[in-house]
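Residue numbers (the working numbering): 8 to 392. Structure record follows, encoded as structure tokens.
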């Protein structure tokens, strides 16, 4: 049957009157109650149209329907580290829309009830884990904000312990926290270098170490790391930053090998990175200085859509993979998406791809030959006997 849009109500409703499909239409579009007597008792078509118009106004728009949260039927729990703004906030919100209970973690907190207007600009300093928690809850989702300092392992362990205390389980870990400094080696002082490593690879390692026992308990946990594919151009002009981010991707590949060796075929760890620059707090200064640069940006929803597609994919298909958001969404596993125009920050623009079209294959012919592999942990255990 014909479906209607709210933009041309008069013509469409008059057409519906002629075809006697008004009640069916309203029900199909989501109206909870249809007062048919308003139609039957109307003196003329215009009065009938006005009566029906009032019913149509009660129907949620397409965007309102998209923003409704899907009920949490499985009780899955996701911990998003680095969820106060930008991509991390989008990930947390969209996980909640898809039925996950979400622990929203980062360093920044605030009095969410005092923020006006609400919700705040997701790329501003007003966006914190407190406002993200409120945003999710007000939309009908489950969320708990827990502050964390990823530079402190005790703080990370406390975060994971709190997650288990509240929800009793952990199914998904997303590590999005990141420090950024793009400069030459000469222009990167030691203090800045240490901060990059503590927040990026060390923070990830801490989160994985604390989460693994709980993720393995169900033998089907998932980890998604925001880190790039490994290729040489990435190092240029940002060596200290690249050292940390590439280390995160190495953790993804190495941990995936651990899962495979341990027979954990339903567990997976995947790295995800944008193929095109995404609007964030980091891009704000650039777009303020040069508004035309916004034409090369995408909305963060492309990243969260790719992440959700990774979580839906079979574990063996994504374990150890270093994926780009667009490329994964284009793949069969990602849903074979073909139209990416909806993700453009500026409607009608064609944002420039910043990642290589073809990435190197890091495997070797002897990939499965472990030789006489040493296990330091096993050696230490034996030495203590």
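We put the CB at the ideal spot given by N, CA and C, even for glycine. Since this is a predicted model, take the numbers as computed values, not measurements.
Q.
Can you look up residue 54 in the DSSP assignment and give me helix, strand or coil?
A. Numbered from its first residue, the chain shown carries residue 54 at position 47. Note that residue 54 scores a pLDDT of 46, beneath 50, so its modelled location is shaky; the value from the coordinates is reported in the next line. Residue 54: helix per DSSP, three-state reduction.
Q: Kindly indicate which three-state DSSP category residue 149 falls into: helix, strand or coil?
A: Indexing the chain shown from 1 puts residue 149 at position 142. Residue 149 falls in the strand class under three-state DSSP.
Q) Is residue 233 helix, strand or coil by DSSP? A) Sequence index remark: in the chain shown, residue 233 carries index 226 (1-based). Note: residue 233 maps to strand in three-state DSSP.
Q.
Once the 5 residues before and after residue 88 are set aside, which same chain residues still bring their CB inside 6 Å of it?
A. On the chain shown, position 81 is the one that residue 88 refers to. Excluding positions up to five away in sequence, the list reads 112, 182, 184, 214.
Q) Which stretch, first to last residue, makes up the alpha helix (DSSP H) that contains residue 279? A) One-based indexing of the chain shown puts residue 279 at position 272. First-last for residue 279: 275 to 280, but that is the beta strand (DSSP E), not the alpha helix (DSSP H).
Q: Would you identify the three-state DSSP class for residue 323, choosing helix, strand or coil?
A: Taking the chain shown and counting its residues from 1, one reaches residue 323 at position 316. DSSP places residue 323 in helix when its eight states are reduced to three.
Q. Hey, residue 258 and residue 314 are a contact pair by Cβ (cut 8 Å); roughly how many whole angstroms apart?
A. Mapped onto the chain shown, residue 258 falls at position 251. Mapped onto the chain shown, residue 314 falls at position 307. In fact, because the Cβ distance is near 17 Å, the residues do not count as touching under 8 Å.
Q. If you count every other CB in all the chains shown that lies within 10 Å of the CB of residue 134, and 16 or more means buried, which is it?
A. On the chain shown, residue 134 is found 127 positions in, with the first residue counted as 1. Answer is buried; the Cβ neighbour count reaches 16.
Q) With distances taken between CB atoms, is the gap from residue 167 to residue 99 smaller than 8 Å? A) For this step, residue 167 is matched to residue 160 along the chain shown. For this step, residue 99 is matched to residue 92 along the chain shown. In this structure, residue 99 does not lie closer than 8 Å to residue 167 by Cβ.
Q: Work out the CA separation of residue 125 and residue 369 for me, nearest whole Å.
A: Numbered from 1 along the chain shown, position 362 holds the residue referred to as residue 369. Numbered from 1 along the chain shown, position 118 holds the residue referred to as residue 125. Roughly 46 Å separates the two Cα atoms.
Q) When the distance is taken between beta carbons, is residue 282 closer than 8 Å to residue 360? A) Taking the first residue of the chain shown as position 1, residue 360 is located at position 353. Taking the first residue of the chain shown as position 1, residue 282 is located at position 275. Yes, Cβ-Cβ distance for residue 360 and residue 282 is below 8 Å.
Q: Quick one: give me the first and last residue of the alpha helix (DSSP H) that residue 336 is part of.
A: The residue labelled residue 336 in the question sits at position 329 within the chain shown. Unbroken alpha helix (DSSP H) run through residue 336: 332 to 337.
Q) Whose C-beta lies closer than 8 Å to the C-beta of residue 345 among residues of the same chain, with five residues either side of it excluded? A) Within the chain shown, numbered from 1, the residue matching residue 345 stands at position 338. Hits under 8 Å: 337.
Q. Quick one, which of 392, 382, 358, 387 has its alpha-carbon nearest residue 286's?
A. Taking the first residue of the chain shown as position 1, residue 286 is located at position 279. Out of 392, 382, 358, 387, 358 has the C-alpha closest to the C-alpha of residue 286.
Q. When you compare each of 339, 366, 373, 232 to residue 94 by their alpha carbons, which one comes out closest?
A. By one-based count along the chain shown, residue 94 stands at place 87. Nearest of 339, 366, 373, 232 to residue 94, Cα basis: 232.
Q: Report the residue ranges of all beta strand (DSSP E) runs contained in full by the segment 164 to 217; include only those spanning at least 3 residues, in chain order.
A: Runs of the beta strand (DSSP E) inside the segment 164 to 217: 179 to 182.
Q.
Give me, in chain order, the residues of the same chain whose beta-carbon lies closer than 7 Å to that of residue 249; leave out the 5 immediate sequence neighbours on both sides.
A. The residue labelled residue 249 in the question sits at position 242 within the chain shown. So the list reads 241, 242, once near-sequence residues are dropped.
**Q.** CB contact flag (residue 316, residue 341, <8 Å)
**A.** Here residue 316 refers to the residue found at position 309 when the chain shown is read from its first residue. Here residue 341 refers to the residue found at position 334 when the chain shown is read from its first residue. Contact flag set, yes.
Q) Can the beta-carbon of residue 288 be found closer than 8 Å to that of residue 130? A) To locate residue 288, count along the chain shown from 1; it is residue 281. To locate residue 130, count along the chain shown from 1; it is residue 123. Yes, the pair counts as a contact, with Cβ atoms nearer than the cut-off.
Q) DSSP three-state call for residue 359: helix, strand or coil? A) Here residue 359 is taken as the residue at index 352 of the chain shown, counted from 1. Coil.
Q: Have a look at residue 159 and residue 177 and give me their C-alpha separation to the nearest angstrom.
A: Reading the chain shown from its first residue, position 152 is the one you call residue 159. Reading the chain shown from its first residue, position 170 is the one you call residue 177. Computed Cα separation, rounded: 21 Å.
Q) Hey, how far is the Cα of residue 321 from the Cα of residue 273? A) Taking the chain shown and counting its residues from 1, the one referred to as residue 321 is at position 314. Taking the chain shown and counting its residues from 1, the one referred to as residue 273 is at position 266. For residue 321 and residue 273, the distance between alpha carbons rounds to 8 Å.
Q) Near residue 375, what residues of its chain come up, given a Cβ to Cβ distance below 6 Å and the 5 sequence neighbours on each side ignored? A) On the chain shown, position 368 is the one that residue 375 refers to. Excluding residues within five positions, none has a Cβ falling inside 6 Å.
(Q) Contact defined as beta carbons within less than 8 Å: I believe residue 138 pairs with residue 117. What is the distance between those atoms, to the nearest angstrom? (A) On the chain shown, residue 138 is found 131 positions in, with the first residue counted as 1. On the chain shown, residue 117 is found 110 positions in, with the first residue counted as 1. Indeed they touch by this definition, with Cβ atoms about 6 Å apart.
Q: Give every residue of the same chain whose Cβ lies closer than 6 Å to the Cβ of residue 152, excluding the five residues on either side of it in the sequence, and list them in chain order.
A: Taking the first residue of the chain shown as 1, we reach residue 152 at position 145. So the list reads 111, 136, 137, 140, once near-sequence residues are dropped.
Q. Is it right to say residue 208 is buried, meaning 16 or more other beta carbons lie within 10 angstroms of its own, or is it exposed?
A. As a working note, residue 208 is residue 201 in the chain shown. Looking at its Cβ environment, which holds 16 or more other Cβ atoms inside 10 Å, residue 208 is buried.
Q) Hey, does residue 256 have any beta-carbon neighbour from chain C nearer than 8 Å? A) Absence of chain C from the displayed structure is noted, only one protein chain being present.
Q.
Measuring only the C-alpha atoms, how far is residue 107 from residue 391?
A. As a working mapping, residue 107 is identified with position 100 in the chain shown. As a working mapping, residue 391 is identified with position 384 in the chain shown. Going from the Cα of residue 107 to the Cα of residue 391 covers about 43 Å.
**Q.** Three-state secondary structure (DSSP) of residue 283
**A.** For the purposes of this step, residue 283 is taken as the residue at position 276 of the chain shown. DSSP places residue 283 in strand when its eight states are reduced to three.
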